[in-house]
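Just so we're aligned: 256 in the working numbering is position 256 of the sequence shown, and the numbers increase by one with no gaps anywhere.
C-beta atoms are modelled at their ideal positions from N, C-alpha and C, and glycine is treated no differently.
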Amino acid sequence: MNLARLLAISRKEVIQLKRDPRSLLLAFALPMALLLFFGYAIAYDVKNISTAVLDQSNTPQSRDLIESFERSGYFTIVRYLSHYSDVDRVLGRGIARTALVIPPSFGGDVAAGRRAPLQLLLDGSDANTATIAKNYAEAIVARYSVDALSSGRPITAPVTAQSRVWYNETLESRNMVVPGLIAVIMSIISAMLTALTIAREWERGTMEQLAATPVHRIEVTLGKLLPYIGIGLVDVALAGLAGVIILGVPFRGSIALLFAMTFLFLVGALGLGIFISAALKTQVLATQVSILVTFLPALILSGFIFEIATMPIVLRAITHVIPARYFVTVTRGIFLKGVGTETLWAEALAMIIFASVGLFLATSIFKKEIA
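Okay, here's the thing in structure tokens:
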């Protein structure tokens, strides 16, 4: 081995890297992005669980119990309800993850030393949070009973929390994972499909040939999008069937609504892929950037794995511009809760905006490149 030749080749490689600053930047930016994303977003301690309270007792005893939940740091009271029918609304819309129902007789039962049952309703569409919330709540209620005994109250039976899980009664993690996984997979695949195939056309020079034809940029954009939209819809159908038939995940919602929401999401994601490929024009860079802007946010910042409420406030703000966050909510809501547009209207609006932005970016980049 000749050391001079080895150093000469290394020097040549360094020169090549200097000539490609985008790859060099990505080589340093990607590890830092991974570290920051995972370091801040991964939090196994579940805190600030959004909670709704229906206090039908409205006594000092019930208020003491509610304060015990708030002081714990694990629960955040987001709604005080007036009627039992409101519980389904706040859990179905995702306003709250848990609901604490205190019966009218609670204060009198505690004061008289009788058994005082409570009801804790849990949103099982996030099995992990529901399980942890159940354990936290039972511990808080048990502590409340101990405090009542130590204060000299004539309690002969403990205060108990009767837990009931909605939407995923068995707390099967599979029921939570599969609908969310469909959203995450489509986030990655849709952007990378267009990014890779169109970047390949730039490398082969076929896009220049397309520029020579009398076509409008909107025709080019839609023509490029339609085949991949079809592929994406078929993918969602196959994934949904596999989840329901093979994995036993319940499907309680509207198939038409699922496809309509998927269509909007695909338009935005595919448009983003076209924008990336047209801006970079190489498959390697298009792949790297697609992973950076779709895979990481969809996996970490969408609420698919990690509860958004446990993230730092900066990351929680960023999640509002992550399209996968809304699509994960949509798929879980349709599969597990059977909700419709009356509940998912905010997510539908967000995906309409995403689709419009994706289409605008794709059309704008073609206007620049084909003009």
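Residue i in three-state terms, based on DSSP
{"i": "L81", "result": "coil"}
{"i": "A116", "result": "strand"}
{"i": "D64", "result": "helix"}
{"i": "D88", "result": "helix"}
{"i": "G248", "result": "coil"}
{"i": "V357", "result": "helix"}
{"i": "R93", "result": "coil"}
{"i": "N2", "result": "coil"}
{"i": "D20", "result": "coil"}
{"i": "S10", "result": "helix"}
{"i": "V141", "result": "helix"}
{"i": "G107", "result": "helix"}
{"i": "G240", "result": "helix"}
Within 7 Å, strictly: CB atoms of residue i and residue j
{"i": "V314", "j": "V249", "result": "no"}
{"i": "P104", "j": "S57", "result": "yes"}
{"i": "A133", "j": "I15", "result": "no"}
{"i": "A127", "j": "N168", "result": "yes"}
{"i": "F275", "j": "A183", "result": "no"}
{"i": "S68", "j": "Y144", "result": "yes"}
{"i": "G180", "j": "V328", "result": "yes"}
{"i": "I305", "j": "R316", "result": "no"}
{"i": "I334", "j": "P297", "result": "no"}
{"i": "R79", "j": "V90", "result": "yes"}
{"i": "V87", "j": "L120", "result": "no"}
{"i": "I77", "j": "V46", "result": "no"}
{"i": "A199", "j": "T282", "result": "yes"}
{"i": "V165", "j": "A130", "result": "yes"}
Buried or exposed (CB count within 10 angstroms, at least 16 for buried), residue i
{"i": "L238", "result": "exposed"}
{"i": "Q162", "result": "exposed"}
{"i": "A60", "result": "The sequence given here has Pro at residue 60, not Ala. Label assigned to P60: exposed."}
{"i": "I300", "result": "buried"}
{"i": "F28", "result": "exposed"}
{"i": "D123", "result": "buried"}
{"i": "E219", "result": "exposed"}
{"i": "L264", "result": "buried"}
{"i": "M186", "result": "buried"}
{"i": "L241", "result": "exposed"}
{"i": "N175", "result": "buried"}
{"i": "Y326", "result": "buried"}
{"i": "D147", "result": "exposed"}
{"i": "M32", "result": "exposed"}
Opposing strand residues paired with residue i [DSSP bridges]
{"i": "I102", "result": "D55"}
{"i": "F28", "result": "DSSP, once it has assigned bridges, lists no residue as partnering F28."}
{"i": "I49", "result": "F75"}
{"i": "S123", "result": "Sequence inspection shows Asp at residue 123; the Ser mentioned does not correspond to that position. Paired residues: W166."}
CB contact below 7 Å: residue i versus chain B
{"i": "T194", "result": "Absent here is chain B; the protein component of the structure consists of one chain."}
Legend entry - alpha helix (DSSP H) segments (min. 4 residues) lying fully within the region 258 to 333: Runs found: 283 to 290, 296 to 300, 313 to 319 and 323 to 332.
Inset, instruction - Please list the segments of the alpha helix (DSSP H) lying wholly inside the region 145 to 233, counting only runs of 4 or more residues, in order along the chain. - result: You should have 173 to 204 and 206 to 211.
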